[in-house]
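Chemist: Chains A and B are the protein sequences, given in the same order. Be aware that the first sequence starts at 1, since it is given in full-length UniProt numbering, and climbs by one per residue. Be aware that the second sequence starts at 1, since it is given in full-length UniProt numbering, and climbs by one per residue. Where a beta carbon is used, it is the ideal one built from N, C-alpha and C, also for glycine. Values in this document were obtained by computation on a predicted structure and should not be read as measured data. Attaching a single structure in structure tokens format; questions to follow.
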Amino acid sequence: MLKLEDIIIATGDFTLAADLTVAPGSSVAVIGPSGAGKSTLLEAIAGFRDLRRGHILWQGQDLTDLPPGKRPVAMLFQDGNLFPHLTATQNVGLGLRPNGRLTPSEHEQVQSALSRVGLADKGARKPAELSGGQQSRVALARVLVQQRACLLLDEPFAALGPALKAEMLDLVAELVSETGTTLLMVSHEPEDARRIAAQALLVADGVAHAPMATAELLDNPPPALRDYLG
Amino acid sequence: MAGRAQPVNPWPGISAAALVAALILGTLAAVALRAEATRGFGPADWSALRFTLSQAALSAGLSVALAIPVARALARRRFTGRRLLIALLGAPFILPVIVAILGLLQVFGRAGWVSDLLGLIGLPPVQIYGLHGVVLAHVFFNLPLATRLILQGWQEVPSERFRLAAQLRCEGFALFHLIEAPMLKRVVPGALAVIFAICLTSFAVALTLGGGPRATTIELAIYQAFTYDFDLGRAALLSGLQLVLTATAAFVALRLSRGDGFGSGLDRAIRRWDGTGRAARLGDGCWIVLAGAFLMLPLASVMISGLGGLMHLPIQVFQAALVSIVVAAASTALLLALALPMATAIATGRYGIVEITGILGLAASPLVIGTGLFILIRPMVDPTALALPVTATVNAVMALPFALRILVPAARQSVGRYGRLALSLDMGERAFFTRILLPRMRPQIGFAAGLTAALSMGDLGVIALFADAEIATLPLQLYRLMGAYQMQAAAGAALLLLILSMGAFWMFDRGGRWHAEA
Numbered sequence: 001m002l003k004l005e006d007i008i009i010a011t012g013d014f015t016l017a018a019d020l021t022v023a024p025g026s027s028v029a030v031i032g033p034s035g036a037g038k039s040t041l042l043e044a045i046a047g048f049r050d051l052r053r054g055h056i057l058w059q060g061q062d063l064t065d066l067p068p069g070k071r072p073v074a075m076l077f078q079d080g081n082l083f084p085h086l087t088a089t090q091n092v093g094l095g096l097r098p099n100g101r102l103t104p105s106e107h108e109q110v111q112s113a114l115s116r117v118g119l120a121d122k123g124a125r126k127p128a129e130l131s132g133g134q135q136s137r138v139a140l141a142r143v144l145v146q147q148r149a150c151l152l153l154d155e156p157f158a159a160l161g162p163a164l165k166a167e168m169l170d171l172v173a174e175l176v177s178e179t180g181t182t183l184l185m186v187s188h189e190p191e192d193a194r195r196i197a198a199q200a201l202l203v204a205d206g207v208a209h210a211p212m213a214t215a216e217l218l219d220n221p222p223p224a225l226r227d228y229l230g
Numbered sequence: 001m002a003g004r005a006q007p008v009n010p011w012p013g014i015s016a017a018a019l020v021a022a023l024i025l026g027t028l029a030a031v032a033l034r035a036e037a038t039r040g041f042g043p044a045d046w047s048a049l050r051f052t053l054s055q056a057a058l059s060a061g062l063s064v065a066l067a068i069p070v071a072r073a074l075a076r077r078r079f080t081g082r083r084l085l086i087a088l089l090g091a092p093f094i095l096p097v098i099v100a101i102l103g104l105l106q107v108f109g110r111a112g113w114v115s116d117l118l119g120l121i122g123l124p125p126v127q128i129y130g131l132h133g134v135v136l137a138h139v140f141f142n143l144p145l146a147t148r149l150i151l152q153g154w155q156e157v158p159s160e161r162f163r164l165a166a167q168l169r170c171e172g173f174a175l176f177h178l179i180e181a182p183m184l185k186r187v188v189p190g191a192l193a194v195i196f197a198i199c200l201t202s203f204a205v206a207l208t209l210g211g212g213p214r215a216t217t218i219e220l221a222i223y224q225a226f227t228y229d230f231d232l233g234r235a236a237l238l239s240g241l242q243l244v245l246t247a248t249a250a251f252v253a254l255r256l257s258r259g260d261g262f263g264s265g266l267d268r269a270i271r272r273w274d275g276t277g278r279a280a281r282l283g284d285g286c287w288i289v290l291a292g293a294f295l296m297l298p299l300a301s302v303m304i305s306g307l308g309g310l311m312h313l314p315i316q317v318f319q320a321a322l323v324s325i326v327v328a329a330a331s332t333a334l335l336l337a338l339a340l341p342m343a344t345a346i347a348t349g350r351y352g353i354v355e356i357t358g359i360l361g362l363a364a365s366p367l368v369i370g371t372g373l374f375i376l377i378r379p380m381v382d383p384t385a386l387a388l389p390v391t392a393t394v395n396a397v398m399a400l401p402f403a404l405r406i407l408v409p410a411a412r413q414s415v416g417r418y419g420r421l422a423l424s425l426d427m428g429e430r431a432f433f434t435r436i437l438l439p440r441m442r443p444q445i446g447f448a449a450g451l452t453a454a455l456s457m458g459d460l461g462v463i464a465l466f467a468d469a470e471i472a473t474l475p476l477q478l479y480r481l482m483g484a485y486q487m488q489a490a491a492g493a494a495l496l497l498l499i500l501s502m503g504a505f506w507m508f509d510r511g512g513r514w515h516a517e518a
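Quick look at the structure:
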């Protein structure tokens, strides 16, 4: 269980409060108006923002003071998810050994992750030689080998076309259900949320609310969300 | 981003900065303690101060005044070779000063081409020694820099303004008043200040073309106090004066200038609708041809005259060339060992003190640091025994501000773009440095290394203070050949030095960009 225990994230004049839990293995869409703090919430969970108060816990373990790399959390950002000077295989390998060389068995792990996302024969290519969708697949393969309990998506597929984006979201849904990963994803499109997240949590007016059923939230939106959805 | 940690260990950079600060401030302290302030300045010192200031002011004024029409012509004309010409404008920065001076002597000297032409119509030859020559050489080196700085200003004018002006039929003086004058008002003071500061520390030019009571810069006076009189007290006193001057000028120049002068994208073509008249086209053409000839002729002359001499070089020239290559390699290695950790620390945005140390080198001149080192070293060892290590070190410290200007933006970009990803992968600081930062920054590292190698290869400064008759770098050997009027050997040595400097730059710069991804 991911627990945000009465936390406040503050930067400058902006504050965001949250007191909620996310069940392990669930998929939660994070929705709300632009600038409400959806990315901020994910960054705090991943360890890129300090809390003014409160604690973040995973299965009872306090993560609050852990550096990002020591948390059971993998995150994909809007861009810059791959190192352009490394091949697909090397990029995925960083998920296993960020500081050293891979053992043969780890190489196999990388190879099978690449196969799982449909890039078995593209390992030697660098990101510039891959399409946008293929680049996203490489990043997902790395998430696979990282084997972290939570996956946070801060709109990594925003630059892809609608069909490709839907394809990627379906792949994410498959992967998280295979591995039992807890998923939190920022979403601007209600359709995306309905597509892969059974639950959704609303971030608005400085508060991240507890997750509820996606259909229920979208069908009977509270005023702040109604203005945003139009 | 209100970041927590960054995947960067700042301590190597802070240590490197501390070393640099200790070297610069330590030598300055040595100079200050040794200076015999009670003795005061003699008439010769005052005249050196006057000459230093007046030649720098003249050089800056002339360079900028000539650069304005040249930059304007380059900004609004399209012609084949324009890109090449603009790229060549960057070359004097890495051109060995002594090579350019030989070229200038061959073109403008007493027995040069221009004097021969004047002789044909019964006019006396050009006087190149003294103030004329010093200013001529400084304009040769700084006209291209001024042109680049001002061209950058022109390129930054949004093209919409020219479109609007064209629609309003705003031409000629009205256009100048509306668009170009405000831009120049912004750019020119910075260009003047930068060139003034550069000319203040001029040594090699003054050594070869100046001299005598009426054409001695402070930098040259320091050298003379050393070599002719071995008067350390006076050398230190002059160094103190020079330090106050350069520090003030560097401060003003940094305040006034914003561009970096290495700016890329200068060859971008902006569509212009003005200046289509015959007079404007002819005028622009003249400026481009004249500026091009002024910059190319001396170099062409060195190349042509050097080809013959290259075959008959004395063995000392090759020995000196070998020494220069070793010094340049050591200097480049030292520079990278200092600059890479410093750039990394600066990129975190938290260590302003490292950044300030990085530009400290601009405030001190090579001969001031050289004087200080000499004073510090002499009680322990014979300074001439350390001539080469000292030269390599001073060259590296002098190149540091430029190298950091090249490296820091790239380091910032990599840390900003990939820092979070590295942290979330639990990548260590060392792995981030070697696996991400170094490969990402390779083009900039190559460029910075190339600049340093070329600058060090062509440097004629500290080495003149420390060297004895036994040992010489190639620029010093070339200076000695010129002093002995062995002009053919000198021309050959100059061509060799030119090839080595440009070759070193090309090798590193090309190596950095080889197979580099965007």
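With 16 as the cutoff for other CB atoms within 10 Å, does N220(A) come out buried or exposed?
Modeler: exposed
Chemist: S54(B): which of V20(B), L118(B), T332(B) and V135(B) sits nearest, CA to CA?
Modeler: V135(B)
Chemist: Considering Q486(B), what are the terminal residues of the beta strand (DSSP E) in which it resides?
Modeler: Element bounds for Q486(B): n/a, residue is neither H nor E.
Chemist: Could you run through the segment 46–67 of chain A and flag, in chain order, every residue whose CB is less than 9 Å away from some CB of chain B?
Modeler: Those residues of the segment 46–67 of chain A that come within reach of chain B (Cβ to Cβ, closer than 9 Å) are A46, G47, F48, R49, D50 and P67.
Chemist: Using DSSP's beta-bridge definition, name the partner residues of D62(A).
Modeler: L57(A)
Chemist: Please compile the residues from chain B whose C-beta is within a distance smaller than 8 Å of the C-beta of H107(A).
Modeler: None at all; the shortest Cβ gap to chain B is about 17 Å.
Chemist: When burial is assigned at 16 or more other CB atoms within 10 Å of the CB, is P223(A) buried or exposed?
Modeler: The residue is exposed, with fewer than 16 neighbouring Cβ atoms inside 10 Å.
Chemist: Report the residues of the segment 152–174 of chain A with a CB closer than 8 Å to any CB of chain B, ordered along the chain.
Modeler: none
Chemist: State the DSSP-derived secondary structure class of E5(A), mapped to helix, strand or coil.
Modeler: strand
Chemist: Just verifying my parser: in three-state terms, what is the DSSP assignment at R78(B)?
Modeler: In the three-state reduction of the DSSP assignment, R78(B) falls in the coil class.
Chemist: Please classify D19(A): does DSSP put it in a helix, a strand, or coil?
Modeler: Secondary structure at D19(A): strand, using DSSP grouped into helix, strand and coil.
Chemist: Can the beta-carbon of A253(B) be found less than 8 Å from the beta-carbon of A197(B)?
Modeler: yes
Chemist: For D260(B), does the three-state DSSP call read helix, strand or coil?
Modeler: No answer about D260(B) holds up, because its pLDDT of 47 lies below 50 and its placement is not dependable.
Chemist: Taking all protein chains shown into account, do 16 or more other C-beta atoms lie within 10 angstroms of the C-beta of V143(A), making it buried, or fewer, making it exposed?
Modeler: buried
Chemist: From the DSSP secondary-structure annotation, give me the bridge partner or partners of T11(A).
Modeler: F14(A)
Chemist: Are there three or more Cβ pairs, one per stretch, closer than 8 Å when the segment 114–121 of chain B is compared with the segment 94–105 of chain B?
Modeler: no
Chemist: Which word fits L70(A), buried or exposed, when buried means at least 16 other C-beta atoms lie within 10 angstroms of its C-beta?
Modeler: Strictly speaking, residue 70(A) in this sequence is Lys, with Leu absent from that position. So K70(A) ends up on the exposed side.
Chemist: Any beta carbon from chain B within less than 8 Å of G69(A)'s own beta carbon?
Modeler: yes
Chemist: Please list, in chain order, all residues of the same chain as D260(B) whose beta carbon is under 6 Å from its beta carbon, the five residues on each side excluded.
Modeler: The predicted model places D260(B) with a pLDDT of 47, which falls under 50 and marks its position as unreliable; any figure quoted below should be read in that light. Counting only Cβ-Cβ distances below 6 Å, and skipping sequence neighbours, we find R405.
Chemist: Apart from the five residues just before and just after G153(B), which ones in its own chain have a Cβ nearer than 6 Å to its Cβ?
Modeler: M183 and V187
Chemist: Taking a cut of 9 Å between CB atoms, which residues from the segment 421–445 of chain B lie near chain A?
Modeler: L421, A422, L423, S424, L425, D426, M427, G428, R430, A431, F432, R435, I436, P439, R440 and R442
Chemist: Using beta carbons (cut-off 8 Å, strictly below), is G206(A) in contact with chain B?
Modeler: no
Chemist: Let me confirm a value: A518(B) is counted as buried when at least 16 other C-beta atoms fall within 10 Å, else exposed. Which label applies?
Modeler: With a pLDDT of 48 at A518(B), under the threshold of 50, the predicted position of this residue should be treated as unreliable, though the coordinate-derived value follows. It is exposed - the Cβ of A518(B) has fewer than 16 other Cβ atoms within 10 Å.
Chemist: Specify, as a first and last residue, the run of the alpha helix (DSSP H) that A193(A) falls within.
Modeler: Residues P190 to I196.
Chemist: Going by beta-carbon coordinates alone, are I346(B) and V397(B) separated by less than 8 Å?
Modeler: no
Chemist: Can you give me the start and stop residues for the alpha helix (DSSP H) that L340(B) sits inside?
Modeler: I315 to A347
Chemist: Name the one or two DSSP bridge partners that T182(A) has.
Modeler: C150(A)
Chemist: Measuring alpha carbon to alpha carbon, tell me which residue in L496(B), F141(B) and L131(B) is nearest L295(B).
Modeler: F141(B)
Chemist: Kindly list the residues whose CB is nearer than 6 Å to the CB of R110(B), restricted to its own chain and excluding five residues on each side of it in sequence; keep chain order.
Modeler: P125
Chemist: Report buried or exposed for R513(B), applying the criterion of at least 16 other Cβ atoms within 10 angstroms of its Cβ.
Modeler: exposed
Chemist: Who are the neighbours of A74(A) on chain B, taking C-beta pairs under 7 Å?
Modeler: Near A74(A) (Cβ distances below 7 Å), the residues of chain B are S424.
Chemist: Output the residue ranges of the beta strand (DSSP E) runs that lie fully inside the segment 122–172 of chain B and measure 3 residues or longer, sorted by chain position.
Modeler: Within the segment 122–172 of chain B, no complete beta strand (DSSP E) run reaches 3 residues.
Chemist: Taking Cβ-Cβ distances below 8 Å as the criterion, which residues of the segment 88–119 of chain A are in contact with chain B?
Modeler: Flagged, chain order: L94, G95, P98, N99 and G100.
Chemist: Three or more C-beta pairs under 8 Å: does that hold for the segment 427–438 of chain B against the segment 353–363 of chain B?
Modeler: no
Chemist: On the CB-based measure, 16 or more other CB atoms within 10 Å of its CB, does S264(B) come out buried or exposed?
Modeler: Unreliable positioning characterises S264(B) in this predicted model, as indicated by a pLDDT of 49, which lies under 50. A coordinate reading is not provided.
Chemist: Using the Cβ count rule (16 or more neighbours within 10 Å means buried), how would you classify F203(B)?
Modeler: Classified as buried, F203(B) has 16 or more neighbouring CB atoms from the shown chains inside 10 Å of its CB.
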